[in-house]
Every structure is written in C-alpha cells, then in structure tokens.
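Numbering (my numbering), first residue to last: 339 to 516.
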C-alpha cells in the first residue's frame with residue numbers, strides 16, 4: 339500500500355505544478371514614478387538600479403480585458419543605448435537619445451499623448467530592459483492624480499507621494515546597489 343501511495347504522489351502533484359504556468363521570473367531592477375514639470379506636463383521617471391532600461395512604456399488598465407489580452411500600450415519610448423540611474427522623460431519632449439514609437443498611442447506622438455491623460459483613466463508606467471527579463475516596479479495612477487503633484491514630488495507604487503529627493507535616495511533600497 340505504501341508503494342501505491344508513493345507512485346500516486348507525482349500524479350497528484352503534477353496538476354498543481356502545471357497550474358503555475360504564470361510564475362513570475364522577472365527581475366525587479368529599480369522603480370518608476372511620475373511627476374510634472376513647472377508647466378504641469380507629465381514627467382515619467384525611471385530609476386534603474388541593478389540593471390539598465392531601454393524602454394519606457396505607458397499602458398492602460400486591464401479593465402474589460404480577457405485574461406489572455408495584454409494591457410493596451412498607449413505610448414512607448416526607446417533608446418539604443420540602455421540607461422542606468424535615473425531617466426526623466428517629459429512626455430512632450432523626450433530627452434536626446436530617446437524616440438517614441440509611432441505605432442503606440444492614439445495619435446502616435448508623445449506631444450499628442452501628453453494631452454490625453456484623461457482624469458478618470460488609469461495609466462501604468464513601465465521601465466523595461468529588452469535584453470533581459472527585467473523591469474522596474476510599476477507606478478499606476480489616474481490622470482487626475484497628476485493635478486496634485488508639483489515638480490518637487492513624485493507618485494510611486496501603491497499611490498504613495500514622495501519628494502524627488504526621497505525618490506533619488508531610496509528608489510534602489512532593497513535592490514542590492516544604487
């Protein structure tokens with residue numbers, strides 16, 4: 339009887355392990371934030387601490403999507419030279435070396451996208467490394483959240499507001515280096 343139980347164990351465990359197909363193996367290499375400049379234009383911030391990023395995306399929420407559908411990509415910026423440290427990307431004028439993806443967003447230009455942060459729509463900022471399975475922690479926010487920010491403050495994960503100084507000093511905490 340003991341032998342029968344031992345033979346049955348793999349058949350009982352296999353379906354449980356097979357159900358773990360959505361295991362997350364992505365390395366968290368930093369933190370994303372959002373702020374505004376003096377004119378109120380959104381600024382995406384990505385602090386890459388233990389790796390480099392070469393893509394910054396803004397995606398919409400999963401509301402109304404099927405389980406197998408990806409979040410809608412609303413805007414995307416890439417660079418050919420991956421960056422470590424802090425990248426500040428004003429959505430109306432990306433810094434030198436960053437280009438927008440003309441297939442992303444409603445009109446395809448970051449300047450047009452800057453005008454479309456609808457007050458009640460949810461947005462998620464991602465910082466990614468295309469050469470590795472690595473990304474920064476995401477920040478999600480609604481368009482109306484931008485009105486509560488000023489250039490000295492950022493919104494980070496879990497809807498927390500930090501000073502830019504705190505973001506610069508603590509975004510890498512717990513990641514090994516910074």
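Heads up, the beta-carbon is just placed ideally off N, CA and C, and yes, glycines get one too.
* Expressed to the nearest angstrom, what Euclidean distance is found between the alpha-carbon atoms of residue 376 and residue 485? -> For this step, residue 376 is matched to residue 38 along the chain shown. For this step, residue 485 is matched to residue 147 along the chain shown. Those two C-alpha atoms are separated by around 12 Å.
* Would you call residue 368 buried or exposed, if buried means 16 or more other Cβ atoms sit within 10 Å of its Cβ? -> Position 30 of the chain shown, counting from 1, holds the residue named residue 368. Looking at its Cβ environment, which holds 16 or more other Cβ atoms inside 10 Å, residue 368 is buried.
* Residues that DSSP places opposite residue 434 in a beta bridge -> Taking the chain shown and counting its residues from 1, the one referred to as residue 434 is at position 96. Partner(s): none; residue 434 has no beta bridge.
* Opening and closing residue of the beta strand (DSSP E) in which residue 491 lies -> Residue mapping note: residue 491 aligns to position 153 of the chain shown, counting from 1. Looking at the DSSP string, the run of the beta strand (DSSP E) that includes residue 491 is 491–494.
* **9 Å Cβ cutoff met for residue 465 and residue 413** => Taking the chain shown and counting its residues from 1, one reaches residue 465 at position 127. Taking the chain shown and counting its residues from 1, one reaches residue 413 at position 75. Cβ atoms of residue 465 and residue 413: not closer than 9 Å.
* Shortest alpha-carbon distance to residue 491 belongs to which of 510, 371, 364? -> Counting from 1 along the chain shown, the entry for residue 491 is found at position 153. Of the listed residues, the one whose Cα sits closest to residue 491 is 371.
* **Contacting residues, own chain, Cβ-Cβ under 6 Å from residue 459 (five flanking each side not counted)** => The count along the chain shown starts at 1 and reaches residue 459 at position 121. The beta carbon of residue 459 is closer than 6 Å to those of 481 in its chain, skipping five residues each way along the sequence.
* **Under 9 Å between C-beta atoms of residue 422 and residue 433** => Here residue 422 is taken as the residue at index 84 of the chain shown, counted from 1. Here residue 433 is taken as the residue at index 95 of the chain shown, counted from 1. With contacts defined by Cβ atoms closer than 9 Å, residue 422 and residue 433 do not form a contacting pair.
* Do residue 391 and residue 472 come within 9 Å of each other at the CB atom, strictly closer than that value? -> The residue you call residue 472 lines up with position 134 of the chain shown. The residue you call residue 391 lines up with position 53 of the chain shown. Here residue 472 is near residue 391, since their CB atoms are less than 9 Å apart.
* Residue range of the beta strand (DSSP E) that residue 473 falls in? -> The residue labelled residue 473 in the question sits at position 135 within the chain shown. Going by DSSP, residue 473 is part of the beta strand (DSSP E) stretching over 472–475.
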